[in-house]
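All remarks here apply to the structure that follows.
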Amino acid sequence: MLKVFASLAHRIPADEVSAHCDGPCGVYDPASVRVAAEAVLSMTKKLVDAGPATTLEAQNTQARYIAIKEQQAHLAKEELLVLWTDYFKPPHLEAYPDLHTTFWNAAKLCSDAKVHCSVEVAEKLMAAVEEIHNIFWASKGRDDAWVTAS
Amino acid sequence: MTQQPVPAATNVEFLRWILRRRARVRIRGDSMKPTLSPGDIVFVDTKAYRDFAPHDGDIVVATHPGEPGLQIIKRVDFTDGEHAYLRSDNRDDPRASDSAQFGLVGFDLLIGKVTACVRA
Chain G
0 MLKVFASLAH RIPADEVSAH CDGPCGVYDP ASVRVAAEAV LSMTKKLVDA GPATTLEAQN
60 TQARYIAIKE QQAHLAKEEL LVLWTDYFKP PHLEAYPDLH TTFWNAAKLC SDAKVHCSVE
120 VAEKLMAAVE EIHNIFWASK GRDDAWVTAS
Chain Z
0 MTQQPVPAAT NVEFLRWILR RRARVRIRGD SMKPTLSPGD IVFVDTKAYR DFAPHDGDIV
60 VATHPGEPGL QIIKRVDFTD GEHAYLRSDN RDDPRASDSA QFGLVGFDLL IGKVTACVRA
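Those protein sequence lines, which keep their order, are chains G and Z.
Residue numbers for the first sequence follow numbering that gives the first Met the number 0, so the first one is 0 and each next one is one higher.
Residue numbers for the second sequence follow numbering that gives the first Met the number 0, so the first one is 0 and each next one is one higher.
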């Protein structure tokens, strides 16, 4: 009986789920920066709320939070650089003369978020990403709302 | 984290599928090897997270946070009460992407829990 069921399960067409998830080339969206920056904010809040870890379990948990914060801050910086250097072109600079400074400051905040464990810094990073979100969609003639996951 | 294997489907699990208590999907890609391989069929309990949060180690089907049309299968590394951090079992697959790339995934994007598999 089990063999019959197994055969049926394979013969009947099924939807596929991907173990890969390669992003489509040429598609730009500051949402990828926002997701990473939100993860940084989330991890930072958890670390601040938890306070000093006194047990081995707590130290292990906090080490993992810190690792994610570090990783996601770096990812946010990489995603910012992709937008800055690949999507934005000289004509955008004419429309947004502070573009370079905006990206420079946002990238610096990614580094600050790694160095420090500060909710204020993480929130500043989110604000910088929101500013870039607004510039990006305005450059496309759209007015997409700023929406966060949490 | 120990990568717990997915149990082989039993007659009961097949009956649940026939009674529409389980969804059925086929694996594409290598990033969940050795736990799951391309062509494997897995059964998914789409009601598993209606009342309960996912546990560390659960294998889940989720909507990709950056590509709403893409369904992915990953393992829950840890949760923070509202989000799950999803990882691939095959850390050597250079094409694999998971929460290390796309960040935390909200529970609302979790489609269900993988309960059993039928090997290709």
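Here a beta-carbon is modelled for each residue, glycine too, at the ideal position from N, C-alpha and C.
Note that the coordinates shown come from a computational prediction; the quantities given were computed from them, not determined experimentally.
In chain order, N10 make up the part of chain Z whose C-beta sits under 8 Å from the C-beta of G/M0. Around the CB of Z/M31, 16 or more other CB atoms lie within 10 Å, so the residue is classed as buried. Per the DSSP secondary-structure output, Z/Q100 pairs with nothing in a beta bridge. Checking the DSSP bridge columns, you'll see Z/E66 partnered with Z/H63. Among the CB atoms of chain Z, one or more fall inside 8 Å of the CB of G/S149. Residue environment for G/K139: exposed (fewer than 16 other C-beta atoms within 10 angstroms of its C-beta).
In this structure the region 43-52 of chain G does not lie against the region 85-97 of chain G, because fewer than three pairs of beta carbons, one per stretch, are closer than 8 Å.
C-alpha of G/V146 to C-alpha of G/V34: approximately 10 Å in a straight line. A residue is called buried once 16 or more other Cβ atoms fall within 10 Å of its Cβ, and G/E119, having fewer, is exposed.
Closest in C-alpha terms to Z/R86, from the list Z/F101, Z/D79 and Z/T9, comes Z/F101. The beta carbon of Z/I26 sits closer than 7 Å to those of L35, S36, P37, G38, D39, V41 and I72, all from its chain and outside the five residues before and after it, given in chain order.
G/I131 is outside the set of residues whose beta carbon lies under 8 Å from a beta carbon in chain Z. With respect to chain G, the C-beta atom of Z/G68 has no partner C-beta closer than 8 Å. Z/R25: not part of any alpha helix (DSSP H); member of the beta strand (DSSP E) spanning A22 to R27, first to last residue. Comparing C-alpha distances from Z/A99 to each of G/E69, G/T60 and G/F135 shows the shortest one belongs to G/E69.
Identification of residues in the region 70-89 of chain G having a C-beta nearer than 8 Å to some C-beta of chain Z yields Q70, Q71 and L74, given in sequence order.
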